[in-house]
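Residue numbers (this note's numbering), protein chains in the order written: chain D, -8 to 472; chain Y, 124 to 259. The beta carbon of each residue, even a glycine, is placed where N, CA and C say it ideally should be. One structure is given here, and the rest of the page talks about it.
This is the structure in structure tokens:
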């Protein structure tokens, strides 16, 4: 029997088994392969000291572009040990999931290392990260691999069809335009108790219906595709009966990309729960886009409640309308108010994701952010704004609309020492805009700190803020160097 | 400050008697939906419900509340709870307490996790001051 070892790398959360491996394991099983898994992110979290983990974290998010040789060696020794331990007999493939561009540096380290070995298996590498550039060399991952010929099968985009083709040696493929044709993910081999929450990830759609200026999702999935409501409910039921899982976390960029399908899903799930009381504790959470009332009338929120919607993560990004307009978020202040009212009425908690220091953000936009923290404070007390995250100030991701030629010219975006954006790794954080000259890195950090203090004072829970502040401190230390 | 109470059950029609501080405030006939005005605070509220054993959705000022967090006692024949002007403060405190208890159950109630996952007790004045010093 053919076999495969599926691995995932930092940086990824530790909340639940990685979705990508569940999905790809489903494909492997669908083709009769024996599988083994390694969550290297989880393993490193357990085996590294706090300082080492922080060093790794700063490296992954490009605050630092190198790690110490000692840590590098420790990571590789742990990797080799686990690969030997978990490699199934006659293993034909080693799959490495490069979840996002924050996995780029460690992926390069490990793939380079793998190629120094005489290995019996072929490398399959895929994930959102492989379409990105390494910030330190400004080289695309794909070009790097072309030059070095490290990877036998490099998958850009969706993994299911190419993997199906590899496993069947070109005889079988899935229909990429119909994501209902993909097999259900499987989490065999994972101990769900190893993770912070007993939940599994579920994918209802790929791509997004917006093209927000700061986001790179369009590069990965240019077309928005979604699964049928029926297939989603069937998958939820299958995980419930197999693993006893009642909590489902959507990996979608937005669960309400198709409003009509999302409504159908909620109604169907609520009906299933009504028919079968075993399912009553099933709940879900996911990323959501704030929409105007005419797109999401009140009865949609009611359906979400009865289906078991437990939390929405909403990219509000800024309370300032002009800033959101430039971002192309396409919702207004009154849409935010309507969304909060509905969530209050049905007790649906929200995590608000915010961006501090967007290139067009003026001092008045910042004041609007400060004022709205005060305005919405009662929603925080009621748990409707369950958490708010202000991030580590705006960073410019290459190949996103904000760093296209038009925006760079119009906004006069430049890196440190007036260098072109993207040609220096630090320019992701240390940029400035000629069109908005007072928004220096110091000013962005100052605003971020003011928002932190205001949020604390008005009782907004802010998760992982210590990590964010430590990262900001690192940025601040580098300002004058 | 809680001014209104709403009870709702989508499946069963029920009738109610609303008492505030031992005074009968309002009777309502069979319906899926019942609204009451809270006449004074603090208020010790009792809402008798017929038929028994119904657990309707409860809203205070249009906010659907969790029974546990709002400290609503669901008896077979009535709901009982206390309201005062600090209701929101109590509700928030109970949310945080519930999260803490959840982390305790899972063996993860360590200060770092309260910071990471619950997001409280995190003004981090020292780090903030260091940052402000650096950007002077």
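Here residue 451/D has 371, 379 as same chain residues with Cβ atoms under 6 Å from its own Cβ, once five neighbours each way along the sequence are excluded.
In this structure residue 154/D touches residue 15/D by the C-beta definition: roughly 6 Å separates them, less than 8 Å. Among the residues facing chain Y, residue 443/D is included, as its CB has a counterpart in that chain under 8 Å away.
A contact is defined here as three or more CB-CB pairs under 8 Å, and the segment 354 to 372 of chain D fails this definition with respect to the segment 315 to 322 of chain D.
Secondary structure note for residue 6/D: it is in no alpha helix (DSSP H), with a DSSP letter that is neither H nor E.
Rounded to the nearest angstrom, the gap between the Cα atoms of residue 396/D and residue 128/Y is 56 Å. The three-state secondary structure of residue 286/D, taken from DSSP, is coil.
At least one beta carbon of chain D lies nearer than 8 Å to the beta carbon of residue 254/Y. At a cut-off of 8 Å between C-beta atoms, residue 118/D does not count as an interface residue with respect to chain Y. Residue 13/D sits away from residue 232/D, with the two beta carbons spaced by 8 Å or more.
Of the candidates 123/D, 226/D, 459/D, the residue whose Cα lies closest to the Cα of residue 173/D is 226/D.
Residues 186, 188, 190, 191, 192, 240 of the same chain have their beta carbon placed closer than 7 Å to that of residue 7/D, with the five preceding and five following residues left out of the count. Per DSSP, reduced to three states, the secondary structure at residue 199/D is coil, with no helix or strand assignment.
Under the Cβ criterion of 8 Å, residue 336/D is counted among the residues facing chain Y. The way I'd put it, the segment 85 to 95 of chain D does touch the segment 119 to 128 of chain D; three or more beta-carbon pairs between them come closer than 8 Å. A direct Cα-Cα distance of roughly 10 Å separates residue 130/Y from residue 172/Y. Boundaries of the beta strand (DSSP E) around residue 378/D: 376 to 380. Looking at 203/D, 295/D, 132/D, 103/D, the one whose alpha-carbon comes closest to that of residue 307/D is 203/D. Among the residues facing chain D, residue 191/Y is not included, as its CB has no counterpart in that chain under 8 Å away. Taking each of 248/D, 386/D, 468/D, 1/D in turn and checking the Cα distance to residue 214/D, the smallest one comes out for 248/D. Within 8 Å of the CB of residue 460/D, the CB atoms of chain Y belong to 247, 250, 251, 254, in sequence order along the chain. Burial is judged here by how many other beta carbons sit within 10 angstroms of a residue's own beta carbon; residue 124/Y has fewer than 16 and is exposed.
Collapsing the DSSP output to three states places residue 298/D in a helix.
Interface residue (Cβ-Cβ distance to chain Y less than 8 Å): residue 450/D is classified as such. Here residue -8/D is exposed. Its C-beta has fewer than 16 other C-beta atoms within 10 Å. Contacts with chain D at 8 Å (Cβ-Cβ) include residue 185/Y. By a beta-carbon distance limit of 8 Å, residue 54/D does not contact residue 394/D. Their separation comes to about 19 Å.
Taking 8 Å as the CB threshold, residue 202/Y stays off the interface with chain D. Here the C-alpha atom of residue 291/D lies approximately 9 Å from the C-alpha atom of residue 253/D. Residues of chain Y with a Cβ closer than 7 Å to the Cβ of residue 455/D are, in chain order, 239. The continuous alpha helix (DSSP H) containing residue 230/D extends over residues 220 to 234.
Residue environment for residue 111/D: exposed (fewer than 16 other C-beta atoms within 10 angstroms of its C-beta). Using a Cβ-Cβ cut-off of 8 Å, residue 447/D is close to 245, 246 of chain Y, given in chain order. Here residue 151/D is near residue 18/D, since their CB atoms are less than 8 Å apart. DSSP places residue -2/D in no alpha helix (DSSP H) but in the uninterrupted beta strand (DSSP E) bounded by -6 to -1.
Taking all protein chains shown into account, residue 325/D has fewer than 16 neighbouring C-beta atoms within 10 Å of its C-beta and is therefore exposed.
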